[in-house]
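Student: In my numbering, the protein residues as written are 258 to 739. Quick reminder that beta carbons are idealized off the backbone N, C-alpha and C, glycines included. Predicted model, so just to flag it, every value in this text is computed and none were measured. Before I ask anything, let me first share the structure, which is written out below as structure tokens.
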RNA sequence: GGCCCUAUCGUCUAGAGGCCUAGGACAUCACCCUCUCAAGGUGGAGGCACGGGUUCGAAUCCCGUUAGGGCUACCA
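Set out below in structure tokens:
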């Protein structure tokens, strides 16, 4: 039997990292088993769904490279099947009509310890109407869930209340719709978050009732409940409270491969190195090895991993990957709320390509690139006041250093090696250290005290412009001379 | 409250009774390298929640306690 798994999100908010991790583990498992990965949008709650969230889910999955074999399907499109299944179960006597309102249930419950519905209408044979819901008649006994990750979990049926399967409006609810679809889609493995554990016995009950009432007699799927992803206060990640939307990470310049690799490390670990390729992930992944305790999403670790992936890119790939941040016109997509610090017409692809190799080694996030190369495309790069004050206007030696640099760079060949040597020699003549001498030159050139290696930067900017900037700085430089 | 899940460095994890003086990664600290910043290298600090069993032997198995979390909707 071929493995068939599904990722079944509800489009009720941003696509967050917890959902992405669930999708990933399903996808990895499907790919490894040579199975089928399908996407089912569970949009039966019309009040909470929004079409734009569907697009976000699909776009995010595409970005992460999780290709879907079947779908995306809309659960809402199967409404007739859901209703037919409900009727079949009602006819089979598994369901009963209930006229209780929520308030009535609450009022009767008082401080009763038993949770949920009290079974008030269970044997009342209430006539079905537009104000009655349909409840599942939970049988006596015990329901046992076999979970690949957690082992056997037993539920006394007495603590499972007679849950609603179809609203008075006729709308079919999650537990029912989900099972009907899983059966129709011939799902073999249900891989989802731990927050669904308590739904599982209900779904098993429905599954078995359906097998009996309508057939076919399908075996229960294998269940695997993934540990939750939690926030800093160890609570389940929330779409509302936590800024963890997948698109946000893409917009900050994380690479999809790094992101996927990091996600795979939450609740699971590969043999050996943590940095593993997608192919290796697919071949190594095992559901049974997924651990059982909740994990916190550590952005610092993701960032570090991302840096490693960035450095590993070929020069061409690096340039293409950074296009959205440096040359938006030629990029295939654009990060939200982002503008290059320079006007389009001042961007120069040749210069960017020349500096890119040394920039690539220095960024962890692609979004860090613009600030590192802005001095190439801006006539007057923004000045870091503190750096300027310390290295140029406030340094008594700055004048002498800039004088020497101007004299030297006016004649030297503009080659990084050569400039390095020549600078070293005037540094010695001044009786200083290169560490000190590079500071005012760097600030004069780039406006900042940190950036790409100085000599490469000088070469890319070019003699004429270098001299202009150094002279401008010289005008205001600190000096010991009168 | 009830049911259920979980518990190894700050974080993610390795660990399937002796290989554990508990390993790795990120973060952190120190040093080295160095034109700034990164990267890299070396080293340091840092953990089995607690209490009982079982066993010759427990991070690992059992029980309890504590703590955290999930669910407890005519949401998914």
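From 270, 268 and 278, pick the residue whose C-alpha is nearest to that of residue 554; which is it?
Tutor: Start at 1 with the first residue of the first chain, and residue 554 comes out as number 297. With distances taken between Cα atoms, residue 554 lies closest to 278.
Student: Below 9 angstroms between beta carbons: does that hold for residue 609 and residue 633?
Tutor: Along the first chain, one-based indexing puts residue 609 at 352. Along the first chain, one-based indexing puts residue 633 at 376. Yes, the Cβ-Cβ distance between residue 609 and residue 633 is below 9 angstroms.
Student: Can you list, in chain order, the stretches of the alpha helix (DSSP H) that have 4 or more residues and sit fully within the stretch 483-544?
Tutor: List check, alpha helix (DSSP H) in window: 503-508, 513-521 and 535-541.
Student: Might you give, ordered along the chain, the residues of its own chain that have their beta carbon closer than 7 angstroms to the beta carbon of residue 331, omitting 5 neighbours on each side?
Tutor: Here the question's residue 331 lines up with position 74 in the first chain. These residues qualify, in order along the chain: 298 and 300.
Student: Below 7 angstroms CB to CB, which residues in the same chain sit around residue 514 once its five sequence neighbours on both sides are set aside?
Tutor: As a first step, residue 514 must be located in the first chain, where it is residue number 257. So the qualifying residues of the chain are 535 and 566.
Student: Please name the residue, chosen from 690, 658, 258 and 665, that lies closest to residue 698 on a Cα-to-Cα basis.
Tutor: One-based indexing of the first chain puts residue 698 at position 441. Nearest C-alpha to residue 698: 658.
Student: How should residue 460 be labelled, buried or exposed, when 16 other C-beta atoms within 10 angstroms of its C-beta is the threshold for buried?
Tutor: Sequence index remark: in the first chain, residue 460 carries index 203 (1-based). The residue is buried, with at least 16 neighbouring Cβ atoms inside 10 Å.
Student: To the nearest angstrom, report how far apart residue 738 and residue 661 are at their CA atoms.
Tutor: Residue 738 sits at position 481 when you count from the first residue of the first chain. Residue 661 sits at position 404 when you count from the first residue of the first chain. Low confidence applies here, because residue 738 scores a pLDDT of 47, under 50, leaving its location unreliable; read the following figure in that light. If you take the alpha carbons of residue 738 and residue 661, they lie about 14 angstroms apart.
Student: Return the CA-CA distance between residue 645 and residue 582, expressed in angstroms with no decimal places.
Tutor: The residue labelled residue 645 in the question sits at position 388 within the first chain. The residue labelled residue 582 in the question sits at position 325 within the first chain. Each residue's alpha carbon lies about 26 angstroms from the other.
Student: In three-state terms, what does DSSP make of residue 446?
Tutor: Within the first chain, residue 446 is the residue found at index 189, counting from 1. Strand.
Student: Run through DSSP, which three-state label would residue 307 get?
Tutor: Against the first chain, residue 307 aligns to sequence position 50. The answer is coil: DSSP assigns residue 307 none of H, G, I, E or B.
Student: Starting from the C-beta of residue 672, find all residues in its chain whose C-beta is less than 7 angstroms away, skip the five residues before and the five after it, and write them out in chain order.
Tutor: Your numbering for residue 672 matches position 415 in the first chain. Closer than 7 angstroms at Cβ, skipping near neighbours: 716.
Student: Are three or more beta carbon pairs between the stretch 390-409 and the stretch 337-355 nearer than 8 angstroms?
Tutor: The stretch 390-409 vs the stretch 337-355: in contact.
Student: Where residue 440 and residue 469 are concerned, what is the direct C-alpha to C-alpha distance, given to the nearest angstrom?
Tutor: As a working mapping, residue 440 is identified with position 183 in the first chain. As a working mapping, residue 469 is identified with position 212 in the first chain. Residue 440 and residue 469: Cα-Cα distance of roughly 13 angstroms.
Student: Roughly how many angstroms lie between the CA atoms of residue 354 and residue 306, to the nearest whole one?
Tutor: The sequence position of residue 354 within the first chain is 97, counting from 1. The sequence position of residue 306 within the first chain is 49, counting from 1. Distance between the alpha carbons of residue 354 and residue 306 is about 27 angstroms.
Student: Along the beta strand (DSSP E) that carries residue 393, what are the first and last residues, could you check?
Tutor: As a working note, residue 393 is residue 136 in the first chain. Note, residue 393: beta strand (DSSP E), 390-393.
Student: Would you grab the beta carbon distance between residue 435 and residue 265 for me? Rounded to a whole angstrom, and I think it's under 8 angstroms.
Tutor: For the purposes of this step, residue 435 is taken as the residue at position 178 of the first chain. For the purposes of this step, residue 265 is taken as the residue at position 8 of the first chain. Contact flag correct, Cβ pair sits at about 7 angstroms.
Student: What's the C-alpha gap between residue 405 and residue 525?
Tutor: Along the first chain, one-based indexing puts residue 405 at 148. Along the first chain, one-based indexing puts residue 525 at 268. Residue 405 and residue 525: Cα-Cα distance of roughly 14 angstroms.
Student: Put residue 215 into one of helix, strand or coil per three-state DSSP.
Tutor: Look at the range of the chain in this structure, 258 to 739, and you will see that residue 215 is not part of it.
Student: Give me whichever residues DSSP pairs with residue 666 in a beta bridge.
Tutor: For this step, residue 666 is matched to residue 409 along the first chain. Paired residue(s): none; residue 666 is not in a bridge.
Student: Check whether the stretch 437-453 and the stretch 268-285 are in contact - that is, three or more C-beta pairs closer than 8 angstroms.
Tutor: They touch, by the three-pair rule.
Student: Could you say which of 734, 267 and 316 lies nearest to residue 504 if we only look at CA atoms?
Tutor: For this step, residue 504 is matched to residue 247 along the first chain. Of the listed residues, the one whose Cα sits closest to residue 504 is 316.
Student: Closest by CA to residue 326, which one among 340, 373 and 262?
Tutor: Taking the first residue of the first chain as 1, we reach residue 326 at position 69. When only C-alpha atoms are compared, the closest one is 262.
Student: When you compare only the Cα positions, how much space is there between residue 420 and residue 482?
Tutor: Counting from one through the first chain, the residue named residue 420 turns up at place 163. Counting from one through the first chain, the residue named residue 482 turns up at place 225. Roughly 22 angstroms between the two C-alpha positions.
Student: Tell me, to the nearest whole angstrom, how far the beta carbon of residue 501 is from that of residue 274; I am working on the premise that it is less than 8 angstroms.
Tutor: Working through the first chain from its first residue, we reach residue 501 at position 244. Working through the first chain from its first residue, we reach residue 274 at position 17. With 8 angstroms as the limit, residue 501 and residue 274 qualify as a contact, their Cβ atoms being about 5 angstroms apart.
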